[in-house]
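Protein chains in written order, with this note's numbering: chain A, 67 to 548; chain B, 67 to 548.
Accompanying notes for the structure given below.
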C-alpha cells in the first residue's frame, strides 16, 4: 500500500492533476467494458498529454512494478481494455492525445495521436474530398490507437482490408519506456523485421500505441447498392465470385443475411421495409463504389451484374437502390440485425472466420448440426461473406433464463461452435480480438507452435509482464514438458 | 571435425543422397552470391524434399550446433543467402520443394512450396486468366520462399504492394524444428500477434519459409503505356499526384529517369529509340491497367490524363504507346538503365527510399550536393518515384580504377549517401534487404530502439543463433550500457 501511494504521488507529480486521478467518479466509468461483461479495479487513471509523458509514465510503472492497461475509447468487444479485479493496475487512457499532427492531401496521408476518434478523422478528411476506408459501429468513441491495437475490421474490409492495411507508420512506447518511432511513411522499407506489423493487433501487450500515420483514399463519387434474394447460401458464394469477376476493384461490400435475420429486423425496427416483394432463404447486400472517373456508368454496371447473375440462376430476385436514401435503408437492414436478434432473447454470439471459399459450405453444414445437437436453439449466421467472416449467433430455446443460460448451456454451445470453426481451419476471433474473453479458448484451441512463439515474443519484449497482463497471450504452462 | 563428420552422416541418413551432398561440384555454385560480391564455405548442401524433412534437418542442426543458411534461387542482392568463410554452416536449399499444392481459381488463391520459381508461378496462373502481381528481373531463378524472406519489390509495388501484400498464408520451420503452419488463408483473423508478418522480410533469421498461400488477380485486359518529357523532377512529383487523382486504382506504374540515363540506354542498346523527338531533363514512364470491364475506354483515359497534364504545365511533351510492341519498347528503355549505366564504368549503387512526398525534393537537392562533395562523380537517380524508391547511382570520375575505387572512395560516397537518406527520414534498404551487405550500415544508422527490439525478438526465437547467422540483425554490443 505504501508503495502504491508512493507511485501515485510520483505519477501525479509527473502528469499533473489533469493527467492523473484516483477520483472514483472519474475513474469508475472506465473500469467496465462497454458490453458490461467485465468490471475491474485500478490504482488510478492516467491521461498523459504527450508521447514523452507516456514514456516517462511507463518507466515509472517499471520502477514500481505497476501493471498497465492501455485504453482508447473503451469500445472493445473482448474486455481487452478492462483491468482485472486486483486493483494493482493503472488504466492508461490515450484519449487526451487527440491531435492531428500532419495532413498531406496530395500524398493522401494523415498522422495523428492515438486518442483521435474515428469519426473525427472521417470528418476531417471528408472535408477535403478524401476518405478513410474503415468504419464500424463504435466510430463515435473508438480511437485510432485502439483500432490499431485490435486490428479492427468493419464492413469495408472486402475491398480495403482491415486496420492493418491502413497503417503506414506507427509510434509506440515499449515496456522499458523507449519510444518506437516509425511514423514516417515509407512505402518501401526492407531494414529487417516489420515491427510495426508486430505491434498492430497485439492488444497493448507488447507496447502502447501513441500515434500513427494512415493512408487515405479519394472520396467515392458514387455508389450502387443492390439487394438480392437467394435460394441457398451456396448461391451467395457463387454470386460473390461472379461479382468479383465482373466488378473487380469496385466491389466495396458483400453482406449476407438469412430469412430469419431479415424478419427479425422487420419486426423490430419501426418503418423497416423489405427491398423485395417475396421472401427468400437468403439475402445479399452488395455495394459497388466508383471514383469520379467511372461514376457515370456505375448504375449500368450494377444493372448488368444483376442481370447476368439472374441469367446464371444465382439470384431469385434483385433490385438496385434508386437513390441514396434507399441505399441507406438497405444498409440499415443489415446494421439492425444485431439489436433485432438481441431483442428475441438470449443468444451466444460468435465472431468467427473460415477461408472465404469455405464459408458458404460451413454455414450450410454447421447450422443444422448445431440446431440438432442443442434442441430448441436456432443458429443464425450473417455478415461479411466476402471476408469469410460471419457473426454466428445461437439463440436460446424459448423460456431460457437470461443470464443463467449464457453461463451454463451457452458456454457449452460456444465451445462446440469454436470446435467446429477450428475443424474447418478457421479463427475463433475474426474481428474482435482475444482480450480476456477468449484467452482460455485460444489456449485450448490455438496451435501450440503459434502460442509458444507468442509467449516467447511477449517474454522478450515485456519480460516483467507489465503491459496489459492477462490479455491475449495464453499463459505458459506451469511445468511445460514439450 | 569428428562432430562435423557425424553431422554429415546423420544428414545423409536423413535426406538420402539427393538430399545431402558435400561434392564440391554440386556445392560450390551456391557458395557465391550472383553478383559475385561474397564467397563462403559450407559443411554441405542440404536439399530436403518436404517440410517434414526441413523440420527434422533443423532439429539435427540444433543437436550438432550447425548454423543454417537458407537459400532459394540465390538471386538476392545483399549476400543474405551466402554462408560465411568459416565453413561451419550448412546451406539449406529449398529448390527441390517446388510443388504447387493447391490452386483455387474462384478464390484466386494459390498454395505452393517455397522452392517454386516466380516465372513458373506466373505461367501457371496466366494460363487460367489470372496474374500474380509481382515481378522483377530475377524471375527466372527467384523462388517464392526467397521473395517472402526478403519481402521483394519490383515495378508493380505502386498499385499492388510488395511481396508482403501478396502473402495470404505462410508455413515456416522455426529454430527448434517446430512447424509454424499458417497456410490456410483467412482474410480476417485476430488471434494475436501476426507472426506471418514477422517472418516476411526476416531474411531467414527467424525461421525457414517452406510454403505460402498467395493472392492472385484477374489478368489485365489492356494497358496504356505513356512516356512524358519533363523539365524538372519536381514536375514528375506533381504529375504523379495528378495521375493518381485522375486514374485512381488504374495507375499500375510510374517510373522516372533523368536525361543521362536515357542517353546511356540509347548509346548502349542497339536499336533503342527515344519515344519523344526532343530531349528533356527528366522522363516519366506511366502505365495504366484495366480489367475487362473498363478496357474499351482505357486509351481515352490515358489521352485525357496527358492532355490535362500538358495544360497544367507539368509535361513538356508526351506520347502513348500505339500498340503492345511499342509499350514493350518503352519499358525496355527503363529496364536497360542498370546495364547501360554499368557499361559507363564503376559506380556505387544505392537502393534507397524516402517518403513518396519527399522523393522529388530529395533528388533535386542531393544530386548536386553529392557531385559537389565528390568532384568528378555523377549522381544519377532513376526508378520508382511512385514508391518513393529510386536507384541512386554515383558514377566514378573518369579514370577511376574498377575494383579499387569501389573499395576506397566508393565506400566513403556510400556512407555519405546513406547519411543523407537517414537525414531525410528514409531507408538505406528499400527493396534489397540488409543481408551481410548492409548489416554494419544498419548498425551505424538504424534507430537504436528498433535495433534493440530486433535483437530481443531474434534472441527469443533463435536463442542459439543458428538461423542465418551474421545476416540482417546487428550484433548486440558486447557490453551494452543503455
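We treat Cβ as the ideally placed atom computed from N, Cα and C, and that holds for glycine.
Round the Cβ separation of residue i and residue j to the nearest angstrom and send it over; I've been treating them as touching at under 8 Å.
i: residue 527 of chain A; j: residue 522 of chain B; result: 6 Å
i: residue 158 of chain A; j: residue 135 of chain A; result: 7 Å
i: residue 396 of chain B; j: residue 364 of chain B; result: So it is not a contact: roughly 16 Å between Cβ atoms.
i: residue 449 of chain B; j: residue 321 of chain B; result: 6 Å
i: residue 500 of chain B; j: residue 144 of chain B; result: 6 Å
i: residue 347 of chain A; j: residue 296 of chain A; result: 7 Å
i: residue 423 of chain B; j: residue 172 of chain A; result: 7 Å
i: residue 454 of chain A; j: residue 282 of chain B; result: At roughly 16 Å, the Cβ-Cβ gap does not stay under 8 Å, so residue 454 of chain A and residue 282 of chain B are not in contact.
i: residue 238 of chain B; j: residue 275 of chain B; result: 5 Å
Going along chain B in order, which residues have a C-beta closer than 8 Å to the C-beta of residue i?
i: residue 267 of chain A; result: 256, 258, 259, 260
i: residue 320 of chain A; result: Ordered by position in chain B, no residue passes the 8 Å Cβ test against residue 320 of chain A, which lies about 12 Å from the chain.
Starting from the beta carbon of residue i, find every residue of chain A whose beta carbon is closer than 9 Å, and list them in chain order.
i: residue 502 of chain B; result: Going along chain A, no residue has its Cβ under 9 Å from residue 502 of chain B, so there is no contact; the nearest lies around 13 Å.
i: residue 240 of chain B; result: 515, 518, 519
i: residue 253 of chain B; result: 223, 224, 227, 228, 419, 421, 422, 450, 452, 453, 454, 455, 496
Report the three-state DSSP secondary structure of residue i (helix, strand or coil).
i: residue 539 of chain A; result: coil
i: residue 343 of chain A; result: coil
i: residue 295 of chain B; result: strand
i: residue 210 of chain A; result: helix
i: residue 454 of chain B; result: coil
i: residue 75 of chain A; result: helix
i: residue 415 of chain A; result: strand
i: residue 90 of chain B; result: helix
i: residue 509 of chain A; result: helix
i: residue 469 of chain B; result: coil
i: residue 500 of chain B; result: coil
i: residue 137 of chain A; result: strand
i: residue 246 of chain A; result: strand
i: residue 532 of chain B; result: coil
i: residue 272 of chain B; result: coil
i: residue 259 of chain B; result: coil
i: residue 81 of chain A; result: helix
i: residue 170 of chain B; result: strand
i: residue 460 of chain A; result: strand
i: residue 240 of chain A; result: strand
i: residue 405 of chain A; result: helix
What is the residue span of the beta strand (DSSP E) that residue i lies within?
i: residue 383 of chain A; result: 383-386
i: residue 429 of chain B; result: No beta strand (DSSP E) contains residue 429 of chain B, which is instead part of the alpha helix (DSSP H) from 425-439.
i: residue 356 of chain A; result: 348-356
i: residue 231 of chain B; result: Here residue 231 of chain B belongs to no beta strand (DSSP E); instead the alpha helix (DSSP H) covers 229-232.
i: residue 177 of chain A; result: 175-179
Could you check where the alpha helix (DSSP H) with residue i kicks off and where it finishes?
i: residue 128 of chain A; result: 117-130
i: residue 527 of chain A; result: 514-527
i: residue 480 of chain B; result: 477-489
i: residue 377 of chain A; result: 364-377
i: residue 327 of chain B; result: 325-334
i: residue 551 of chain B; result: Since the first residue shown for chain B is 67 and the last is 548, residue 551 of chain B is missing from the structure and cannot be characterised.
Give the single residue among the options whose Cα lies nearest to the Cα of residue i.
i: residue 518 of chain A; options: B:126, B:216, B:244, B:422; result: B:244
i: residue 217 of chain A; options: A:380, A:233, A:207, A:255; result: A:233
i: residue 460 of chain B; options: B:509, B:79, B:445, B:235; result: B:445
i: residue 268 of chain B; options: B:155, B:230, B:283; result: B:230
i: residue 437 of chain B; options: B:480, B:418, B:469; result: B:480
i: residue 595 of chain B; options: B:478, B:115, B:355; result: No information on residue 595 of chain B is available, as it lies outside the stretch 67 to 548 that chain B covers here.
i: residue 285 of chain A; options: B:312, B:417, B:377; result: B:312
i: residue 225 of chain B; options: B:118, B:310, B:261, B:259; result: B:310
i: residue 246 of chain A; options: B:535, B:531, B:520; result: B:520
i: residue 103 of chain A; options: A:192, A:490, A:141, A:417; result: A:141
i: residue 250 of chain B; options: B:79, B:404, B:169; result: B:169
i: residue 20 of chain A; options: A:117, A:115, A:70; result: Here chain A comprises residues numbered 67 to 548, so residue 20 of chain A is not present and cannot be evaluated.
i: residue 498 of chain B; options: A:258, A:73, A:112, A:95; result: A:258
Under 9 Å Cβ-Cβ, which residues of chain B neighbour residue i?
i: residue 508 of chain A; result: 257, 258
i: residue 527 of chain A; result: 519, 522, 523, 526
Against residue i, what residues of chain A qualify as contacts under a CB-to-CB distance less than 8 Å, listed in chain order?
i: residue 89 of chain B; result: Near residue 89 of chain B there are no residues of chain A at all, since even the closest Cβ is about 34 Å away, more than 8 Å.
Name the chain B residues whose beta carbon is nearer than 7 Å to that of residue i?
i: residue 538 of chain A; result: 258
Along chain A, in chain order, which residues have C-beta atoms closer than 7 Å to that of residue i?
i: residue 117 of chain B; result: Result: empty, since nearest Cβ-Cβ is about 13 Å, beyond 7 Å.
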